[in-house]
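Residue numbers (the UniProt record's numbering): 1 to 958.
The beta carbon of each residue, even a glycine, is placed where N, CA and C say it ideally should be.
Note sheet for the following structure.
Below, the structure written as structure tokens:
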């Protein structure tokens with residue numbers, strides 16, 4: 001390959017190093033290694049039909065040409081999406097900063113303190129604005145957050161309600177239509193009955209467990225829901241409120257009138273519209289419900305030295321522990337976007353947020369008066385930012401629409417002909433004049449140029465917020481850009497990301513996200529577009545998405561792709577719902593059993609439960625493979641009700657199972673469909689495919705195989721690819737024609753998290769067929785190189801028939817505990833002293849470490865990682881041999897902080913040098929963990945989920 005090709009920049013090892021590595025593992029060529037790893041009967045016989053990879057410069061020109069086909073109009077559609085201003089200090093230092101966008105989910109708290117603090121700020125801001133007691137660290141979007149609220153209230157029914165079959169959710173008809181569509185999708189398989197009606201006709205005595213209302217509602221009307229909430233509570237019914245977070249700076253927050261759950265989108269807090277996403281949903285509830293909440297909660301605790309530390313709280317909610325008992329299938333959040341929204345709150349503080357909200361309301365109130373003077377009737381008289389007008393008899397909607405488009409503006413058009421306008425943070429005096437010009441011309445009236453911003457309009461006192469919010473020091477301390485950038489950098493230095501070292505987590509594919517792939521995310525022609533604008537304003541987006549769908553279909557061997565699901569778990573759910581609808585369409589409503597191997601990702605059974613399916617677990621053999629005879633027996637036993645098999649390939653154990661084609665055949669012969677979890681697609685691309693293997697549907701983690709970064713735990717994108725017979729069931733959208741006519745929506749936006757799709761588009765276009773295939777080969781090579789180097793000291797738990805692993809491997813650590821007392825957790829914490837993120841801990845096999853190096857890691861980095869683990873092995877041997885104390889050793893006391901090793905009070909039996917500098921190369925680049933080993937149990941016993949609370953000061957001290 002030419003030296004200027006992107007492939008040579010993406011792939012870590014050089015060609016001469018690849019030859020050295022092949023020799024080290026005992027093969028003469030890459031083809032020999034792949035032949036020993038991937039079963040021949042599933043190998044692709046022809047290369048992928050993709051164009052040759054572009055150079056970075058040629059791709060840059062291509063993506064620029066697509067951007068130029070998008071038109072950025074001033075958009076006043078609202079409906080949950082609003083233009084906003086991302087402070088440049090946040091854009092530059094967070095969104096465009098690989099320290100923030102390449103970090104992983106903070107499962108290892110000691111090396112995640114920076115992003116944990118940023119997310120704690122987000123939680124605190126949400127709790128303060130909503131006046132609720134506990135919030136989580138974000139969900140996927142507003143519509144799926146509504147579904148999570150519905151399911152949470154359903155799961156919290158009393159025993160008497162469950163016994164009586166109480167299953168009705170009341171939904172106010174004035175909620176966003178996309179939210180209602182997702183509620184329809186998620187309620188049906190769970191047996192929840194939706195009653196969509198006016199809130200004035202809610203009857204809480206009629207088999208009802210919960211209610212959902214919007215605040216302000218979809219007409220923009222501010223409603224006093226206090227009496228409705230009281231009535232609901234009198235009948236044992238819970239109320240969830242979809243709230244506009246920015247409006248709560250001026251409006252009485254739902255927590256003050258008794259709401260049980262408050263959710264919505266934080267998009268207005270500096271997150272661009274991005275043609276629909278990604279945006280961080282917020283979710284807050286009363287403290288008594290904290291153990292029922294979906295998603296991740298960041299909590300305050302202590303480290304082993306008694307110092308304040310942060311970590312993810314209540315981790316038993318995680319799906320790999322609860323599996324089919326999980327109350328949600330969520331495994332990712334929108335951490336990067338929540339981080340940005342939290343920083344927006346830190347930068348502006350309560351005063352700045354109030355100023356933004358007041359300015360928006362003043363403009364809306366002024367326009368309401370002026371437009372009414374032109375002969376239009378305003379239909380909502382208590383509002384925050386949104387106006388709804390009926391038109392005079394002599395004015396047609398088409399007149400408004402044509403005139404607004406002439407001035408490059410988009411309004412909202414209701415089905416009955418009314419026109420809506422939602423004002424946002426970016427609306428200025430010139431915009432106000434143009435808005436008036438449209439309404440005046442349509443009515444044959446005159447208008448005046450606006451020279452000053454309106455002032456003095458107040459929210460009706462009966463709706464106005466009286467309480468203070470965001471009074472904590474963090475929201476008062478960083479007003480200047482100098483101080484803000486220093487704060488961001490201070491947090492940045494507390495985190496490990498791909499900028500420091502490889503992140504070796506198995507099944508998580510922490511590969512390079514190239515800078516060229518990230519560039520379009522900052523361009524207004526991609527991020528400044530509302531998802532409900534006419535399609536001719538987003539032609540660049542649609543050309544890109546059509547190409548991307550075709551490329552992903554080719555790569556997966558499938559017929560078509562939906563990009564709507566906005567996480568891997570959402571992709572799993574969507575794929576299962578497509579299968580469910582396929583069976584129902586054929587009149588086979590009884591098909592509701594799904595076979596799931598015991599080794600599967602925990603989200604698989606959780607997603608199946610969410611889709612209303614019954615789970616039958618299939619055993620695995622001693623080598624970690626699916627027990628083919630057990631699969632056959634259970635498929636035949638359930639042949640009349642079999643809906644699907646969920647299978648991960650290569651397996652969750654990192655092995656290419658040779659019987660995969662036979663597995664698919666067995667399922668098909670018994671009337672089921674095969675769903676393939678795409679978590680390990682990084683080992684398939686260009687060598688085999690779900691279609692080749694025999695799958696009917698698969699989801700793809702674009703944030704794994706296809707280079708979208710993890711961002712501290714999200715954004716994720718989980719499109720589903722389907723065979724031809726399933727295409728007509730792909731998810732549709734209630735507002736925009738997204739090209740599919742199947743099941744109702746699975747996310748709020750028609751094309752999911754569209755603004756990050758250019759990353760995957762760029763990755764595929766620059767890699768090309770040859771580069772994508774080589775990436776897969778090198779991913780397998782890197783994993784086998786590590787396996788060969790560590791098998792003597794540690795042992796590899798599972799290998800294929802020829803002794804090879806796939807793109808990941810499981811290190812055996814269980815025997816160390818008996819001989820030395822050292823656990824897999826001790827090894828993972830000690831790795832932090834070497835500057836490495838821990839591998840996947842105790843999954844899928846308890847007591848082990850799962851490693852995935854990815855193709856982007858160089859041989860030098862792999863060698864450093866190997867040397868670190870071999871030094872740790874020697875340290876374990878020192879404990880075994882009695883050379884080191886069983887309780888006071890470098891493993892049990894790791895990780896070591898700079899404060900600890902420089903303290904005058906060093907009491908350990910081993911020297912400071914051994915703690916801090918176990919290998920010479922660390923002196924060139926040492927990452928100092930900011931806290932010692934974190935006490936998770938103490939934090940769960942004393943749950944504190946907001947910063948600066950009295951409870952924190954009481955328990956930990958200032």
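Can you tell me which residues form a DSSP beta bridge with residue 215? Here residue 215 is taken as the residue at index 215 of the chain shown, counted from 1. Answer is 243, bridged to residue 215.
Under 8 Å between C-beta atoms of residue 180 and residue 202: Here the question's residue 180 lines up with position 180 in the chain shown. Here the question's residue 202 lines up with position 202 in the chain shown. Not closer than 8 Å, so no.
If you run the structure through DSSP and keep just helix, strand and coil, what is residue 946? Translated into positions along the chain shown, residue 946 becomes position 946. Correct three-state label for residue 946: coil.
In this structure, does DSSP put residue 171 in helix, strand or coil? Start at 1 with the first residue of the chain shown, and residue 171 comes out as number 171. Residue state, collapsed to three classes: strand.
Leaving out five residues on either side along the sequence, give the residues of the same chain with a beta carbon under 6 Å from the beta carbon of residue 771. Numbered from 1 along the chain shown, position 771 holds the residue referred to as residue 771. Excluding sequence neighbours, residue 771 sits near 7, 53.
Extent of the continuous beta strand (DSSP E) run through residue 830: In the chain shown, residue 830 corresponds to position 830, counting from 1. Where residue 830 is concerned, there is no enclosing beta strand (DSSP E), although the alpha helix (DSSP H) it sits in stretches over 824-833.
Within its chain, find whatever has a CB closer than 7 Å to the CB of residue 559; leave out the 5 residues flanking it on each side and keep chain order. What you label residue 559 is simply residue 559 of the chain shown in a count that begins at 1. Short of 7 Å from the beta carbon of residue 559, and not among the five residues preceding or following it, lie these beta carbons of its own chain, in chain order: 553, 722, 723, 724, 727.
For the structure I just gave you, are there three or more beta carbon pairs, one from the region 495-512 and one from the region 244-259, closer than 8 Å? Segments in contact, no.
DSSP-derived helix/strand/coil call for residue 38: Here residue 38 corresponds to residue number 38 of the chain shown, with the count starting at 1. Per DSSP, reduced to three states, the secondary structure at residue 38 is coil, with no helix or strand assignment.
Rounded straight-line distance, which links the Cα of residue 702 to that of residue 573: The residue given as residue 573 occupies position 573 in the chain shown. The residue given as residue 702 occupies position 702 in the chain shown. Each residue's alpha carbon lies about 16 Å from the other.
Beta-carbon spacing of residue 1041, residue 758 below 8 Å: No answer is possible for residue 1041: the residues shown for the chain start at 1 and end at 958.
Note the first and the last residue of the continuous alpha helix (DSSP H) segment covering residue 937. Taking the chain shown and counting its residues from 1, one reaches residue 937 at position 937. In this chain, the alpha helix (DSSP H) harbouring residue 937 covers 936-941.
Proximity of residue 983 and residue 313 at Cβ, strictly below 8 Å: Residue 983 falls outside the range modelled here, since the chain spans only 1 to 958, and no answer is possible.
Drop a sphere of 10 angstroms on the beta-carbon of residue 449, count the other beta-carbons inside from all chains shown, and report buried for 16 or more, exposed for fewer. By one-based count along the chain shown, residue 449 stands at place 449. Exposed, since its Cβ has fewer than 16 Cβ neighbours within 10 Å.
CA nearest to the CA of residue 127, picked from 261, 204, 185, 622: Along the chain shown, one-based indexing puts residue 127 at 127. Of the listed residues, the one whose Cα sits closest to residue 127 is 261.
Which class does residue 415 belong to by DSSP, given the choice of helix, strand or coil? The sequence position of residue 415 within the chain shown is 415, counting from 1. If DSSP states are grouped into helix, strand and coil, residue 415 belongs with coil.
Tell me, to the nearest whole angstrom, how far the beta carbon of residue 346 is from that of residue 121; I am working on the premise that it is less than 8 Å. One-based indexing of the chain shown puts residue 346 at position 346. One-based indexing of the chain shown puts residue 121 at position 121. That pair is a contact at about 6 Å.
How many Å lie between residue 195 and residue 394 at the Cα? Your numbering for residue 195 matches position 195 in the chain shown. Your numbering for residue 394 matches position 394 in the chain shown. Rounded to whole angstroms, the separation of the alpha carbons of residue 394 and residue 195 is 38 Å.
Boundaries of the beta strand (DSSP E) in which residue 980 is found, first to last residue: Given that the chain is displayed from residue 1 to residue 958, the structure contains no residue 980 and the question cannot be resolved.
Can you tell me which of the three DSSP states residue 390 falls into? As a working mapping, residue 390 is identified with position 390 in the chain shown. Reduced to three states, the DSSP call for residue 390 is strand.
Within the continuous alpha helix (DSSP H) that includes residue 441, where are the two ends? The sequence position of residue 441 within the chain shown is 441, counting from 1. Residue 441 -> alpha helix (DSSP H) spans 429-442.
Residue 293, DSSP secondary structure in three states: In the chain shown, counting from the first residue as 1, residue 293 sits at position 293. Look at residue 293 here: in three-state DSSP terms it is coil, with no helix or strand label.
Using a Cβ-Cβ cutoff of less than 6 Å, which residues in the same chain neighbour residue 356 once the five nearest sequence positions on both sides are dropped? The residue labelled residue 356 in the question sits at position 356 within the chain shown. Exclusion of the five residues before and after residue 356 leaves 425 as the residues of its chain whose Cβ lies within less than 6 Å of its Cβ.
Residue interval of the beta strand (DSSP E) (run including residue 560): Along the chain shown, read from residue 1 onward, the residue named residue 560 stands at position 560. Per DSSP, the continuous beta strand (DSSP E) segment holding residue 560 begins and ends at 560-562.
Should residue 305 be labelled buried (16 or more other beta-carbon atoms within 10 Å of its own) or exposed? Residue 305 sits at position 305 when you count from the first residue of the chain shown. Label assigned to residue 305: exposed.
Can you list, in chain order, the stretches of the alpha helix (DSSP H) that have 4 or more residues and sit fully within the region 551-623? Correct list: 568-585, 603-610.
Along the chain, where does the beta strand (DSSP E) that runs through residue 676 open and close? In the chain shown, residue 676 corresponds to position 676, counting from 1. Counted as a single uninterrupted DSSP element, the beta strand (DSSP E) harbouring residue 676 occupies residues 673-677.
Closest residue to residue 296 among 804, 22, 106 (Cα-Cα distance): For the purposes of this step, residue 296 is taken as residue 296 along the chain shown, with counting starting at 1. The residue with the shortest Cα to Cα distance from residue 296 is 106.
Pull the bridge partners of residue 420 from the DSSP assignment, please. Your numbering for residue 420 matches position 420 in the chain shown. Beta-bridge annotation (DSSP): residue 420 is paired with 388, 412.
In DSSP terms, what residue 791 is bridged to: Taking the first residue of the chain shown as position 1, residue 791 is located at position 791. Bridge partners of residue 791: none, in fact.
Decide if the region 97-113 is in contact with the region 273-291; the criterion is three or more beta carbon pairs, one per stretch, under 8 Å apart. Not touching, per the Cβ criterion.
Touching by the beta-carbon criterion (3+ pairs, under 8 Å), the region 697-716 and the region 669-685: As far as the Cβ criterion goes, the region 697-716 touches the region 669-685, which means the pair count is three or higher.
Cβ shell of residue 943 (< 7 Å), same chain only, five flanking positions each side left out: The count along the chain shown starts at 1 and reaches residue 943 at position 943. These residues qualify, in order along the chain: 290, 299, 313.
Does the distance from the CB of residue 420 to the CB of residue 397 come in under 8 Å? Translated into the one-based positions of the chain shown, residue 420 becomes position 420. Translated into the one-based positions of the chain shown, residue 397 becomes position 397. No.
If you check the beta carbons only, do residue 492 and residue 114 fall under 8 Å apart? Translated into the one-based positions of the chain shown, residue 492 becomes position 492. Translated into the one-based positions of the chain shown, residue 114 becomes position 114. Taking 8 Å as the Cβ cut-off, residue 492 and residue 114 qualify as a contacting pair.
Residue 840 - partner residues in DSSP beta bridges: Taking the first residue of the chain shown as 1, we reach residue 840 at position 840. Residue 840 is bridged to 850.
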